[in-house]
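Residue numbering for the sequence shown follows UniProt numbering, starting at 1 and increasing by one per position. Every residue, glycine too, gets a C-beta built ideally from N, C-alpha and C.
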Amino acid sequence: MERLKPPVAKRSRCSDSNTELVSINGCFFEDEFREQFKAAWKSGAPMCTSNTVLKNDPFQLAVLQNFLQEEPEAAHSTKQLEEEFCTLEWKRKQMDLYEFYQTNDLCSLQRDYLRAFYTVLKEQMMPLVEELTGIKLTHVSASCSMYNAGDYLLVHDDLLSDRRIAYVFYLSPWDRHREWQESDGGALELFRADQNSLPVFPVTERIFPRNNQLVLFRVCEKSFHQVGEVTSFVYPRLTINGWFHGPSNEKGGTSGNGSTASHSSIIIDTHYFGPRTMSDGEPNLASWINDVYLVDEVKQNVQKKVEMFSEVSLEQFFLRPRFDALLDDLRQGGDLQWSIKGPAHLRKYEVLNFKSLPAGSPLAALYDLFTSRAMFRLLFEYTELDLYGKKAKAPKCAIELQRWERGCYTVLGDSSTYADSTLDLTFYLNAQDNVGVITYLVPEGDQQQQQQQPNSKPVDDQPSSSSAVPLPSPYGECFDEDPVLLTLLPKDNVLNVVYHAIHIYATIAFIVIIIVIGVPMWWKTTEVYRVSLPYDKIQTLNDEPIKTTFRVGLYCKSAERLETLAFELRKKFEQNFAFELDLRELLLDPETVAAAKTPAKLESELLKRYPTSLGEFLLIEWNKLDDDILVTSERTAFISESATSLKTYQVLSSWILQEYKLKAILGSRDVQQTSKGRQLRLNSAPLQPHYEVLITVLNPRPDLQKVHWNVRAAAENYIARFLDEMSMITNFTIKTQWIYQVGIDGIGTHPKQVQDDSKLGRHYALGEDSLPHIITSLEKKLGTQITDNPCIHFVVYVPPCSQAPLKIYRKDGQRATPQSGNVEAFTSAKWGGIVFASPSEATCLRYMEDESFSEVYLHAQDIMPVLLYQLRKIFDLENNAPLLDTALVPCNRIEPRLWEVDTFLRTNTIYLVHSATTTLQSLIQLLGGIEYIVINDEVGEAIHKAYRKVLEAKSQLLEGDLEQAALLAREAYTSAERAFFDPSLLALLYFPNEQKYAIYIPLFLPIMIPVVFSFNTIMKYFRKRKTTSGESLLKSKSE
């Protein structure tokens, strides 16, 4: 076993306080002590050393003397703690169960020594206690408590939730008062538990406060204890107390709220029996009771008062000689058998054993009187309750003669002291002021107590078992009027008659009509249909970042070079924000390598053996290169023998993967790395699921020229072949059209003639500033308003010879295209491009000679490369990130390079996944915040589908299946957009909840207020009737 040493004090995570201010006594970390303690704890044997006492009766408890390391005489640490106690903000905790002061949790207090003590508990003591007891612990809670004279805490077991070990650290650093005596009170008093796990009197043992003493005990069903009343007026009882928490012990039998199964089923021990038949005849009421109360007229008055007020007090009820005889019998009854009635966590008072009374004694006669049929008949006449006569159905009674003195109590949760539909008779003998006062409370008070959250922050030593103790009474918060219905003050020779019952069945019938019929009809007619949605799951979509597996094959002639370069590339991709590198080391047999005399041959051999699929890439070493790296039009790149891993990584990240675009898409905060990426990303419009590609040929003067060009064939041979490569992620529809008599209009768009040295002697200039105006003037004439899909425009404008050739000039006055030619063009990344295809010089010369009709011939090889370049710019395929000693093989094909297609698919797949996620989260936030928006089945299905497809697309990206991920991302984006823009979401915006309630509340409010209060009472009635035979009034006795 690893030796546990006294830990070095560390700073608390929740504070900057110096935890070296306090430390645990090193003797508790010694191997001998730990082994001895663990063995004793495990076996249940007692243990005693100079600083430690371990007890196992009535439950496992350890007392650690000199807990903190300090000189006992100086008591420096404990005095510092006591001084900080004086600066704390104390809250008074007061109810029938306890009275004392307490602070907030220790970890929230800004006091150096107290926070240091808390850190020692958490970081040093908790591991030690876990080792010593073998109980798994997870965290610690602590607070400070102060008991002044008269403060106390009654019996409880601490059994709540995940409490495993309770502890109390005592502070009494005052000189000549380090250890408390019995006369000071405030002892920790322990109780034994019976076979039903209920505490029984008397107190088993008392542990008195002592400075620098720590008491630990295991929290269980039998760990009943209390804090005795503090009787010292000089010093307060100061403690730091709390619990070490851990996983719940399933064998402990605790319920979710901390209550035990055994407590609540046996606490009601009041025994009822029917009226007794006396062997010597019924007692003569006239010999006992004042004659006034036996007169029929008085009986009727008593009955009316009970009917009206449910209570009556009958003063001088017994004849004086009878009452005096009862008092004498009590005062002189040295042989009377009294016993303490428990259990201790509910009540403590003494009851007389009637069976021990000698026959004929006054007290025995009193017992016979109250249990006789004659008394039942008299009470029937007083109340007209079914206690006597033909309607009486087995009436029963219970009787106790209680003796109350200092220290006796009952708590509010003692359900044996009240019952529903009962008649209470209370008769005081030897009454004393404020001793044995009985208070009747409204039922809701009790209900509020039982409903208090069991997981709320407990007070110091607050009991946990709901059957054992009630929580503080919240009456003042629940009722505008005083919750006390009736208080019976002690007074000799007065019979108090109190009847309490809940007239419940008429109320139930009324409530059934309102609740079962009225409310559902109102709810149904005003409900908003909303499909269930995975709100929480969608909100957590960003918790798992979008990661893509990038498969790379690497070939080097040298095995050492191959291993080194592969290792360095893997290291560089370890911290990549978006890509997981899956690198394969490629091998060829020596004969094949020797036969490969050219890079193309070597590339061919490798592709035969290791064919690449969508999203993959090969790095091939070739020793004779002008540059370090040469990227081909295939999914390959050649690297020289001198190419470093850094250079290779730069090519992969900047060209092949184009990470700067992903950082812009995902919103990276690294400005230096993403500013360019954001700029490039904004130059191209976000990808859409469908595009219309419209090629328009403009002939402004069909009266002067006829343009010859098969634009449809050119579109199919060039544009269609180019776009087919990208159709996996989006759809394209290609259209062509001819428009006549439409020229260039707008501010500053009139071409200016410029003299030159050509055969024509002039050309016409368009300034750069005028180009946006040209787009504006043409857009409304192209007829694209009829489609809902975004349109990419390609306009081929053929100017007449009278305004040809057209040339574009920059703002600095220089030609945009210095080369000579008949084709000029410009591009708008979010709109399309315009090509000025001027007639040939020869055609314009013939026109200038006789101004005859011109035949203009356009050639696809002149115009289509320009349109293809514009497409590359629109879809951001052009690579504008130059790298030193790195080159691209010129693209001599109509289609994009294969790796460019892969990059386009990969980038836009990630964009679609991210965009769908953002759309779903925005929609969920909107729908969750506005409850009256209709969510129909179509919208719900679209949201569910988008959520599923986002998860599937992210999974496929991580697996490296780019083709499947692109299809799934496209579906996710389409479904999310369809749900977000569904018009049904606006169906009930004109009728929000505020209007609905404003209309119906005036109708329902007058009848619902009594229904709500009655329903509250009914629920309490049936719950109590099910568990404890039912109660309607809460009665408590207090000293």
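Worksheet entry | Status (buried if at least 16 other CB within 10 Å, exposed otherwise) for Thr674 | Note on Thr674: pLDDT 42, under 50, position unreliable in the model; no value is reported.
List the endpoints of the continuous alpha helix (DSSP H) containing Thr549. First-last for Thr549: Thr548 to Tyr555, but that is the beta strand (DSSP E), not the alpha helix (DSSP H).
message = For the pair the region 278-297 and the region 307-320, tell me if three or more CB-CB distances fall below 8 Å.
response = Verdict: yes, contact present.
For the beta strand (DSSP E) containing Ala765, name the first residue and the last one. Here the beta strand (DSSP E) through Ala765 covers Arg762 to Gly767.
Check: Does the beta-carbon of Tyr740 have 16 or more other beta-carbons within 10 angstroms, so that it is buried, or is it exposed?
Finding: Note on Tyr740: under 16 other CB atoms within 10 angstroms of its CB, so exposed under the neighbour-count rule.
- prompt: Expressed to the nearest angstrom, what Euclidean distance is found between the alpha-carbon atoms of Met521 and Gln925?
  reply: If you draw a straight line from the Cα of Met521 to the Cα of Gln925, it comes to about 30 Å.
Item to complete: Please confirm whether Phe980 and Thr919 have their CB atoms less than 9 Å apart.
Response: Against a cut-off of 9 Å, the Cβ pair of Thr919 and Phe980 comes out as a contact.
Determine contact between the region 644-659 and the region 691-698, defined as no fewer than three beta-carbon pairs at a distance below 8 Å. By the Cβ criterion, the region 644-659 is not in contact with the region 691-698, since fewer than three pairs of Cβ atoms, one from each stretch, lie closer than 8 Å.
Could you say which of Ala643, Gln803, His245 and Ala365 lies nearest to Leu569 if we only look at CA atoms? Considering only alpha carbons, the answer is Ala643.
Whose CA, out of Arg406, Leu565 and His944, lies closest to the CA of Lys348? Ranking Arg406, Leu565 and His944 by Cα distance to Lys348 puts Arg406 first.
Would Leu618 and Val693 qualify as a contact pair, given that the criterion is a beta-carbon distance under 9 Å?
Taking 9 Å as the Cβ cut-off, Leu618 and Val693 do not qualify as a contacting pair.
Worksheet item: So what's Asp582 in DSSP terms, helix, strand or just coil?
Response: In this structure, Asp582 counts as strand in the three-state DSSP scheme.
- Message: Using a Cβ-Cβ cutoff of less than 7 Å, which residues in the same chain neighbour Tyr649 once the five nearest sequence positions on both sides are dropped?
- Response: Excluding residues within five positions, the ones whose Cβ falls inside 7 Å are Leu569 and Lys572.
Check your understanding: Tyr388 bridges to which residues according to DSSP?
Key -> Bridge partners of Tyr388: none, in fact.
**Report entry** Contacting residues, own chain, Cβ-Cβ under 6 Å from Ala804 (five flanking each side not counted)
**Finding:** Closer than 6 Å at the Cβ level, and outside the excluded window around Ala804, lie Ser838, Pro839 and Cys844.
Just verifying my parser: in three-state terms, what is the DSSP assignment at Phe380? The answer is helix: DSSP assigns Phe380 an H, G or I state.
Fill in: Glu585 versus Trp622 - alpha carbon distance
Rounded to the nearest whole angstrom, the CA to CA distance from Glu585 to Trp622 is 16 Å.
Leaving out five residues before and five after residue 1043 in sequence, what residues of the same chain have Cβ atoms less than 6 Å from its Cβ?
Residue 1043 lies beyond the range of the chain shown here (1 to 1039); nothing can be said about it.
| query | Would you call the region 232-244 and the region 140-147 touching, i.e. three or more CB-CB distances under 8 Å? | reply | The region 232-244 makes contact with the region 140-147, as at least three CB pairs between them are under 8 Å.
key: contact_flag[the region 199-217, the region 108-124] where n(CB pairs < 8 Å) is 3 or more   = Segments in contact, no.
Next on the checklist: Looking only at its chain, what residues have a beta carbon closer than 8 Å to the beta carbon of Val651, apart from the 5 residues adjacent to it on each side?
Outcome noted: Taking C-beta separations shorter than 8 Å and ignoring five residues to either side along the sequence, the partners of Val651 in its chain run Ile629, Val631, Ala637, Leu883 and Thr886, following chain order.
Next item on the list: May I ask you to report which of helix, strand or coil DSSP gives Met1019?
Entry: Here Met1019 sits in helix by DSSP.
Does the CB of Phe904 have a neighbour CB from chain D at under 9 Å? Reference to chain D is not applicable here, since this structure consists of a single protein chain.
### Query
Excluding the five sequence neighbours on either side, which residues of its own chain have a C-beta within less than 8 Å of the C-beta of Val711, listed in chain order?
Excluding the 5 residues flanking it on each side, Val711 has same chain C-beta neighbours closer than 8 Å at Ile695, Val697, Thr736, Trp738 and Val796, in chain order.
message = Tell me which residues share the same chain as Leu121 and place their Cβ nearer than 7 Å to its Cβ, disregarding the 5 neighbours each side in the sequence.
response = For Leu121, where only same-chain residues beyond five positions count, the Cβ hits under 7 Å are Val140 and Ala142.
When you compare the CB positions of Val411 and Leu154, do they come within less than 9 Å of one another, or not? In this structure, Val411 places its C-beta atom within 9 Å of the C-beta atom of Leu154.
In this structure, what does DSSP give as the bridge partners for Phe318? According to DSSP, Phe318 bridges with Ile289.
- Message: In this structure, how does DSSP classify Val459 when only helix, strand and coil are distinguished?
- Response: In this predicted model, Val459 has a pLDDT of only 35, less than 50, meaning its place in the structure is not dependable enough to derive any value.
Check: Which runs of the beta strand (DSSP E), 3 residues or longer, sit entirely within the region 201-242?
Finding: Under the rule that a run must span 3 or more residues, the beta strand (DSSP E) segments found entirely inside the region 201-242 read 213-218 and 225-227.
Can you have a look at Cys107 and say buried or exposed, based on whether 16 or more other CB atoms are within 10 angstroms of its CB?
So Cys107 ends up on the buried side.
Report task. For Ile135, name the three-state secondary structure that DSSP assigns. Result -> In this structure, Ile135 counts as coil in the three-state DSSP scheme.
Does the region 902-912 come close enough to the region 859-870 that 3 or more CB-CB pairs lie under 8 Å? No, they do not touch.
Candidates Lys341, Ser356, Gly767 and Leu587: which alpha carbon is nearest Glu560's? With distances taken between Cα atoms, Glu560 lies closest to Leu587.
Below 9 Å between beta carbons: does that hold for Tyr529 and Asn936? Remark: C-beta atoms of Tyr529 and Asn936 approach each other more closely than 9 Å.
With distances taken from CA atoms, which of Leu369, Phe732, Gly813 and Val707 is nearest Glu855?
Glu855 has its Cα closest to that of Val707, out of Leu369, Phe732, Gly813 and Val707.
Practice item. Measuring alpha carbon to alpha carbon, tell me which of Leu68, Asn731 and Gln303 ends up nearest His690. Key: Residue Asn731 is the option with its Cα nearest to His690.
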